[in-house]
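Residue numbers (the numbering used here): 1 to 161.
Virtual Cβ for every residue (Gly too), placed ideally from N, Cα, C.
These numbers come from a predicted model, not from an experiment.
First up is the structure itself, then whatever we jot down about it.
Here is the structure:
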């Protein structure tokens with residue numbers, strides 16, 4: 001099977017490809033080539049106030065495990081709140097978004113089932129020269145929507161307030 005691995009994979013703290021991705025730092029821990037295609041696993045650092053646009057994944061379910069910070073999610077119109085220690089599962093085909101609340105960044109483990117989302121992150125983002133949040137710039141919404149469409153992600157509207 002393409003992407004199949006027959007050996008263990010170990011990445012420690014600070015290891016994995018780091019990408020600046022629409023205002024966040026994403027560190028890939030597993031993906032298509034090293035997770036047997038079953039899961040993409042990213043360590044995400046998002047600044048206070050950050051939120052992706054309302055969107056829907058057509059190919060993968062998405063989950064978040066919050067390590068630090070406060071995050072409000074909306075999924076199919078339902079408001080969900082998370083803080084350190086919270087797991088949030090968002091099934092594919094349901095519109096969702098989130099927003100980092102408070103004055104501090106949030107750190108989350110982001111999972112998608114199956115893998116592939118990490119390729120979207122790599123294509124839309126840029127290699128991080130250091131493992132910090134990127135300079136904050138206005139998002140290029142047209143480019144985000146165009147690249148997202150290639151990966152079965154539909155942008156539906158602005159981030160939640």
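Rounded Cβ spacing between residue 58 and residue 92 (contact assumed at less than 8 Å) = 6 Å
DSSP state of residue 146 mapped onto helix, strand, coil | helix
Residue nearest to residue 115 in terms of C-alpha spacing, selected from 62, 8, 17 and 94 = 62
Classify residue 9 as helix, strand or coil using the three-state DSSP reduction.
-> coil
Roughly how many angstroms separate the alpha carbons of residue 147 and residue 71, rounded to a whole number?
-> 25 Å
Could you give the residue range of the beta strand (DSSP E) that holds residue 107?
-> 106 to 113
Segment limits, alpha helix (DSSP H) that includes residue 50 = Where residue 50 is concerned, there is no enclosing alpha helix (DSSP H), given that its DSSP letter is neither H nor E.
Nearest-angstrom Cα separation, counted from residue 75 out to residue 88 = 10 Å
Rounded to a whole number of angstroms, what is the C-alpha to C-alpha distance between residue 129 and residue 18?
-> 8 Å
Thinking C-alpha only, which one of 127, 11 and 158 is nearest residue 26?
-> 127
Close beta carbons around residue 160, own chain, < 8 Å, minus the five adjacent residues each side | 51, 54, 72, 74, 97, 98 and 99
Span of the beta strand (DSSP E) around residue 118 = That residue, residue 118, is in no beta strand (DSSP E); its alpha helix (DSSP H) goes 117 to 124.
Closest Cα partner of residue 117 within the set 7, 41 and 84 = 41
Tell me, to the nearest whole angstrom, how far the beta carbon of residue 21 is from that of residue 60; I am working on the premise that it is less than 8 Å.
-> Not confirmed; about 16 Å, so no contact.
Which residue or residues does DSSP assign as beta-bridge partners of residue 140?
-> According to DSSP, which records beta bridges pairwise, residue 140 is partnered with nothing at all.
Other residues of its chain near residue 31: CB distance less than 6 Å, five sequence neighbours each side excluded = 40, 115 and 118
Assign residue 151 to one of three DSSP states: helix, strand, or coil.
-> coil
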